[in-house]
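Encoded as structure tokens, the structure appears first; notes follow it.
2 protein chains.
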Amino acid sequence: MLAALPPPPYYAVIFSSQLEIPAEGYQAMANRMVELAAHQDGFLGIESARDNTGFGITVSYWRDEASIGAWKQNTEHRLAQEYGHDRWYSAFELRVAKVERAYNQHTSEHR
Amino acid sequence: MLAALPPPPYYAVIFSSQLEIPAEGYQAMANRMVELAAHQDGFLGIESARDNTGFGITVSYWRDEASIGAWKQNTEHRLAQEYGHDRWYSAFELRVAKVERAYNQHTSEHR
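Structure (structure tokens):
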């Protein structure tokens, strides 16, 4: 589902990952991660898609870098306590990026 | 599939979209778009995932903003000629972002 966000600038955390299939317990962990993010100060929204090969992209959106840092610390600590290590991924890449402009089907121009 | 990229900084174009299902002709257009991108100066790589509801995220990576601008002009023009309008999407959002740091399973620290 598309996230409804304020106008840029804001930050995006792009998490691309290849899941081991089957990935037992993964969905519960992923749901918990979204729940933790949604309660974090500075969280703006999240978008996620995973195909049937187990490759997925999740992009979470944040007000600023400080809120990403706080979320990272909080989430890693709590998920490690609850689920152990990142045992579901055969490979991943996490990128932190500053969104400078955005447009959609209702805006013909970059805004 | 994960893209193999140089170290940041570089640019990301995050394209999130909801497809109308069925989306006849969509895959041919999407393949053509990737082919056009791959031949564009400044193209670094692309990652894409779409789930079975038709929601997908495609992130293309670029050396700089100028190469995104050139790709956009070239692609929109040629895809419009070849396929007509963006008739496959019920909704989309395109975001241009500067990737400031990245890490993966081989790097414990942000780099």
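In the order they appear, the protein sequences are chains A and B.
Heads up: the first sequence begins at 11 in our numbering, then just goes up one per residue.
Heads up: the second sequence begins at 11 in our numbering, then just goes up one per residue.
Even for Gly, the Cβ is constructed at its ideal location relative to N, Cα and C.
Predicted model only: the values in this text are computed from it and were never measured.
Beta-bridge partners of residue 37/B (DSSP): none assigned.
With respect to chain B, the C-beta atom of residue 46/A has no partner C-beta closer than 9 Å. Taking a contact as a CB-CB distance under 8 Å, the pair residue 73/B and residue 109/A does not count as one, their CB atoms being some 18 Å apart.
DSSP places residue 89/A inside the alpha helix (DSSP H), whose first and last residues are 75-93. Taking one beta carbon from each stretch, the segment 81-93 of chain B and the segment 26-33 of chain A have fewer than 3 pairs nearer than 8 Å; the two do not touch. One finds 59 in chain B with Cβ atoms closer than 8 Å to the Cβ of residue 66/A, taken in chain order. Listed along the chain, the chain B residues whose CB falls inside 8 Å of the CB of residue 114/A are 101, 102, 103, 104. Under DSSP, residue 28/B takes part in a beta bridge, and its partners are 65/B, 101/B. In this structure, 71/A is the residue among 71/A, 59/A, 102/A, 35/A with its C-alpha nearest to the C-alpha of residue 47/A. Within chain B, no C-beta atom comes nearer than 7 Å to that of residue 30/A; the closest sits roughly 12 Å away. Comparing alpha-carbon positions, the option among 113/B, 107/B, 117/B lying closest to residue 19/A turns out to be 107/B. Between residue 45/A and residue 11/A, the CB-CB gap reaches or exceeds 9 Å. Listed in chain order, the positions of the segment 12-30 of chain B with a beta carbon within less than 7 Å of a beta carbon of chain A are 12, 22, 24, 26, 28. Neighbours of residue 111/A in chain B, taken as residues whose beta carbon is under 8 Å from its own, are 105, 106 in chain order.
Here DSSP, grouped into helix, strand and coil, assigns residue 12/A to coil. Taking 9 Å as the CB threshold, residue 41/B stays off the interface with chain A.
Ranked by how close their Cα comes to the Cα of residue 40/B, the residues 54/B, 60/B, 15/B, 53/B have 60/B in first place. Its chain contains 93, 98 as the residues whose beta carbon lies nearer than 8 Å to that of residue 35/A, once the 5 sequence neighbours on both sides are disregarded; these appear in chain order.
Per the coordinates, the alpha-carbon of residue 62/B lies some 15 Å from the alpha-carbon of residue 68/A. The continuous beta strand (DSSP E) containing residue 55/A extends over residues 53-60.
Taking 9 Å as the CB threshold, residue 84/B stays off the interface with chain A.
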